[in-house]
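The opening residue of the sequence shown carries number 0 in numbering that gives the first Met the number 0; numbering runs sequentially from there.
What follows is a single structure, written as structure tokens, with notes after it.
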Amino acid sequence: MHLSWQKHLELSRIVSNAADKDSGTGLALMGIALTILAKDLLMYETRSSVTSTWREIGLS
Numbered sequence: 000m001h002l003s004w005q006k007h008l009e010l011s012r013i014v015s016n017a018a019d020k021d022s023g024t025g026l027a028l029m030g031i032a033l034t035i036l037a038k039d040l041l042m043y044e045t046r047s048s049v050t051s052t053w054r055e056i057g058l059s
């Protein structure tokens, strides 16, 4: 799943509000949000790495 940075911030606010009301739900949502963020960051890093490798070998 790819979310924009704005969507990650929005999700963070939602999790923060949920944690105020129910800490168990908040922790579960935090885990999901961190997993999504980690996957998005890995995808970005991988894409950047591939692009720079293509440039090094003259494919782009």
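Built from N, CA and C at the ideal position, the CB exists for glycine as well.
### Query
Quick one, are the C-beta atoms of Ala-17 and Leu-28 less than 7 Å apart?
Yes; because the gap between Cβ atoms is below 7 Å, this pair is in contact.
### Task
Have a look at Met-42, Leu-36 and Thr-24 and flag the residue whose alpha-carbon is nearest the alpha-carbon of Leu-8.
The shortest CA-to-CA distance from Leu-8 to any of Met-42, Leu-36 and Thr-24 is the one to Leu-36.
### Task
For Val-14, count neighbouring Cβ atoms within 10 angstroms of its own Cβ and tell me buried if that reaches 16, exposed if not.
Buried, by the Cβ-count rule.
### Task
To the nearest angstrom, report how far apart Ile-31 and Thr-24 are at their CA atoms.
One Cα belongs to Ile-31, the other to Thr-24, and the distance between them is close to 11 Å.
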